[in-house]
Amino acid sequence: MAGWTVLRRAYQSLCRAARLTVDPYCLKKLNEERRNRRAAILITDLADGRDRVIKQGDPVAGLLGDAVRQAFLSGKSGVAEIEGRSFFLNVHVPPPRLVVVGAVHISQALAPMAKVAGFDMEIIDPRTAFATPDRFPDIKLHSEWPQDVLATRPLDPYTALAAVTHDPKIDDPALESALKSGCFYVGALGSRKTHARRVDRLRALDLTEEQIGTIHAPIGLDIGAASPAEIAIAVLAQVIQAFHARELQPLPQPGKTA
Amino acid sequence: MQNSTEQTLDPLTIAEDWMAGGRDVAIATVVETWGSAPRPVGSHLVIDGAGNFEGSVSGGCVEGAVIAEAMDVIVQGRPRMLEFGVADETAWQAGLSCGGRIKVYVERLG
């Protein structure tokens, strides 16, 4: 048994020398990027198992570099055949985050469903009577103004924002920030009339017509939703739809986000 | 508070935690799929030396076979490419009942 252990250790160190195994440093580096919500690719040379972590923007030369850029754009993992060698590119983009402005009845229904669907959801509402842990157990709650929260926790292209307070003082700053940060989904509660008035207000800010035009309003897929839970389902379905449509679009460069 | 459920279900985070805890770990990754494969390319199953596992590379059809291979990979260190096709009812082989085909790459961590 002891002999076996020695043999195994010797073999393991041999493998380490040949780097046939996943380098623990690569895994740590990859997980650190993922924790910090930054896109990264783990490249494995399928001939010898050699691994390499590429962060978005890292220079990679030649045909492999082209494959890396393409993979960051599409967000899709896959095998790339380059000069007779096979490389597996595992693309890790941040998990989608859902920021909901408004600790209202709809948000209470949305919170557990978003979690099940794999979204990291958080709620912002400066009205402390609404944003209470009793009403929202097990969820990140910020009982502050959106502009204050978003100054320290900025939105990004992997985040969806749904503004559902119905109060322009609270919704508008969040919508402005979401449109400038390139959020993959921006939705706002309110009728067409309410939204027309909102568009007029947003025009006064430093936003393009194109940016304002991307707001989903009235919010949610048109499934005839009436109750808060039904509206929550319509919103979540629309966010999921936008998330998958987003994968077909080029990812914005990290430096360009506001 | 981080979404703790998602956090602990993430196979690569679990692999890092297991390694930090002194366990032997193998990582299995879906690298190619054809037809209706249950899990997309890039999906992970992580396995420790005792056969504990987290994550998935299929809907549960071939995990057993991948775990057995992974325990060999942990001992021998050399990575392996496994390929699974449609379940063969006449042989006791692991297969995918959905009719798809997948390639799974298994490597030891460290």
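From first to last, the protein sequence lines stand for chains F and V.
Numbered according to our numbering, the first sequence spans residues 1356 to 1613.
Numbered according to our numbering, the second sequence spans residues 19 to 128.
Glycine is no exception: its CB is placed at the ideal position from the N, C-alpha and C atoms.
Where Arg1390(F) falls, given that 16 or more other Cβ within 10 Å makes a residue buried: Note on Arg1390(F): under 16 other CB atoms within 10 angstroms of its CB, so exposed under the neighbour-count rule.
Partners in chain F for Val49(V), counting only beta-carbon separations shorter than 7 Å: Among the residues of chain F, those whose CB is under 7 Å from the CB of Val49(V) are Val1434 and Phe1443, following chain order.
Under the three-state DSSP convention, the category Arg1407(F) falls into: The answer is strand: DSSP assigns Arg1407(F) an E or B state.
C-beta contact flag for Gly118(V) and Ala46(V) at 7 Å: Not a contact, by the Cβ cut-off of 7 Å.
Inter-residue Cα distance where the pair is Ile1578(F) and Ala1589(F): So the alpha carbons of these two residues sit roughly 7 Å apart.
Per-residue contacts from Glu125(V) into chain F (C-beta, under 7 Å): Going along chain F in sequence order, the residues near Glu125(V) (Cβ under 7 Å) are Thr1376, Val1377 and Gly1404.
Pairwise C-alpha distance: Gln1411(F) and Gly1610(F): Bear in mind that a pLDDT of 44 at Gly1610(F), under 50, signals an unreliable position, so the model cannot answer this.
Span of the beta strand (DSSP E) around Lys1495(F): Start and end: Lys1495 to His1497.
Test: Asn1391(F) CB closer than 7 Å to a CB of chain V: Under the Cβ criterion of 7 Å, Asn1391(F) is not counted among the residues facing chain V.
Proximity of Val124(V) and Ala88(V) at Cβ, strictly below 7 Å: Yes.
For Ala1435(F): DSSP bridge partner residues: Ala1435(F) has Phe1442(F) as its beta-bridge partners, per DSSP.
Cα-Cα separation between Ala44(V) and Val1594(F), rounded to whole angstroms: One C-alpha to the other measures close to 35 Å.
Beta carbon proximity, Leu1382(F) to chain V, threshold 7 Å: So, interface residue.
Beta-carbon proximity list for Met1476(F), same chain, < 8 Å, skipping 5 on both sides: If the five residues before and after Met1476(F) are omitted, its C-beta is found closer than 8 Å to the C-beta atoms of Arg1452, Leu1453, Val1454, Val1455, Leu1465, Ala1466, Ala1469, Lys1470, Ile1494 and Lys1495, all from its own chain and listed in chain order.
CA-to-CA distance, Ala1484(F) to Glu1436(F), given in whole angstroms: Near 58 Å, if we compare the C-alpha coordinates of Ala1484(F) and Glu1436(F).
C-beta neighbour in chain F for Pro97(V), strict 7 Å: Under the 7 Å criterion on CB atoms, Pro97(V) is classed as interfacial with respect to chain F.
Secondary structure of Asp1527(F), DSSP reduced to three states: In the structure shown, Asp1527(F) sits in a helix (DSSP, three-state: H, G or I).
Interface partners of Gly128(V) on chain F, CB under 8 Å: Within chain F, the residues near Gly128(V) are Arg1371, Thr1376, Val1377, Asp1378 and Pro1379.
Exposure label - Ile1396(F); buried when at least 16 CB within 10 Å: With 16 or more Cβ atoms within 10 Å of its Cβ, Ile1396(F) is classed as buried.
Where Asn21(V) sits in the DSSP three-state scheme: The pLDDT assigned to Asn21(V) is 42, lower than 50, so where the model puts this residue is not dependable; a value taken from the coordinates is nonetheless given after this. Coil.
Segment contact flag, the region 1500 to 1508 of chain F with the region 26 to 43 of chain V, C-beta cutoff 8 Å, min 3 pairs: With fewer than three CB-CB distances shorter than 8 Å, the region 1500 to 1508 of chain F does not count as touching the region 26 to 43 of chain V.
Continuous alpha helix (DSSP H) stretch holding Asp1421(F): start and end: Looking at the DSSP string, the run of the alpha helix (DSSP H) that includes Asp1421(F) is Gly1417 to Ser1429.
Chain-ordered chain V contacts of Val1446(F) [CB-CB under 9 Å]: Result: Gly60.
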